[in-house]
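Undergrad:
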Amino acid sequence: MYEAMKGFDGQSALVEPESKGKSGDSGRPVSVYEALFQEIVSGQLRGGERLMIDELAERFGVSKIPVREALKALEGRGWVESAPRRGTYVRRLSMDELHELFELRLIVEPEITAMAAHRRRATHLQQMLVLVEEGLQAVERNDFVSSSRVNSQFHTIIAQAAGNQLAYSVIQELELRLCRYFFIAEWEERKESTRQHLKLYEAIRDQNVDEARRLTVEHLRHTEAMALRSMNAQRVPDLME
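Take any residue in the sequence shown, count from 1 to its spot, add 776: that is its number in this note's numbering.
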């Protein structure tokens, strides 16, 4: 579903396209790990939802072994949790985690964006502009899935433009973690966030390093406040800690 998600395979068995599992955008087989990962990040599997090995094996048309391996890999990356007598369940949304994610983003991303403004190439600008346009179109047609995908890709392209592979990996991981929180964001808030992407693009295009840094801080503070307001307004005990 998300291009950024590809490559996070947990070495579990592949689910053939003709089976009960899913096939990827290219028609290739999708692993149990990847399928569950996509469902968690997109919010299809909700926080606190129990993951039953027997049910998952039947749904994906595989034995229990690859399901156990997938759940173990997901737990290792912090996407699911397990407890005695409770089994394995999707990790709940957390105000503390949300704060920590944005705390780290505010440390890292302003400088990454400044680096991108200095180092960006024409291909990066083309990709960013396409994503800005896609984001604006997505909010106009109330396409929440596409809007979330575009938001994540926009920030990872900025990190890519900075020319720092480690920073790119960090930003990519942070964006994936935040996807679950933004699937409950309000539409009016998201429209403003998309307009801020356009300003960020223009600053990077014009190589205005200071403005790119300032706009990133402003954008991150806006999106954190947006997520907090949305979580407070839609607080559901079984989804959150």
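In this text, a Cβ means the ideal position worked out from N, Cα and C, and glycines have one as well.
With a threshold of 6 Å on Cβ separation, who are the neighbours of MET891 within its own chain once the five nearest residues in sequence on each side are excluded?
TA: For this step, residue 891 is matched to residue 115 along the sequence shown. Answer for MET891: ALA938, listed in chain order.
Undergrad: Any chance the region 923-932 sits against the region 829-840, with 3 or more Cβ pairs inside 8 Å?
TA: Not touching, per the Cβ criterion.
Undergrad: From what residue to what residue does the alpha helix (DSSP H) around VAL1097 run?
TA: Limits of the chain in this structure are 777 at one end and 1017 at the other, which puts residue 1097 out of reach.
Undergrad: Which residues bound the alpha helix (DSSP H) around ALA892?
TA: Numbered from its first residue, the sequence shown carries residue 892 at position 116. That run of the alpha helix (DSSP H) goes 871-895.
Undergrad: Between the Cα of ALA898 and those of LEU1004, MET1007, GLU978, GLU825, spot the shortest distance and give me the residue it belongs to.
TA: As a working mapping, residue 898 is identified with position 122 in the sequence shown. Checking every option, the nearest Cα to that of ALA898 belongs to GLU978.
Undergrad: Using a Cβ-Cβ cutoff of less than 6 Å, which residues in the same chain neighbour ARG804 once the five nearest sequence positions on both sides are dropped?
TA: As a first step, residue 804 must be located in the sequence shown, where it is residue number 28. With a pLDDT of only 41 at ARG804, under 50, the local geometry of the prediction cannot be trusted, and no value is derived from it.
Undergrad: Mapping the DSSP letters down to three states, classify THR907 as helix, strand or coil.
TA: Here the question's residue 907 lines up with position 131 in the sequence shown. A quick correction: the sequence has Leu, not Thr, at residue 907. Correct three-state label for LEU907: helix.
Undergrad: I'd like to check one pair, SER969 with THR932: are the Cβ atoms closer than 8 Å?
TA: Locating residue 932 in the sequence shown gives position 156, where the first residue counts as 1. Locating residue 969 in the sequence shown gives position 193, where the first residue counts as 1. No, they are not a contact pair.
Undergrad: So who's on the other strand from GLU1086, going by DSSP bridges?
TA: Here the chain comprises residues numbered 777 to 1017, so residue 1086 is not present and cannot be evaluated.
Undergrad: Drop a sphere of 10 angstroms on the beta-carbon of ALA1025, count the other beta-carbons inside from all chains shown, and report buried for 16 or more, exposed for fewer.
TA: Residue 1025 lies beyond the range of the chain shown here (777 to 1017); nothing can be said about it.
Undergrad: Taking 8 Å as the threshold (C-beta atoms), are LEU874 and LEU1004 in contact?
TA: The sequence position of residue 1004 within the sequence shown is 228, counting from 1. The sequence position of residue 874 within the sequence shown is 98, counting from 1. Result yes, Cβ atoms of LEU1004 and LEU874 sit closer than 8 Å.
Undergrad: Residue range of the alpha helix (DSSP H) that ALA811 falls in?
TA: Along the sequence shown, read from residue 1 onward, the residue named residue 811 stands at position 35. Run containing ALA811: 808-818, per the alpha helix (DSSP H) assignment.
Undergrad: Under three-state DSSP, which class holds ARG822?
TA: Your numbering for residue 822 matches position 46 in the sequence shown. Here ARG822 sits in coil by DSSP.
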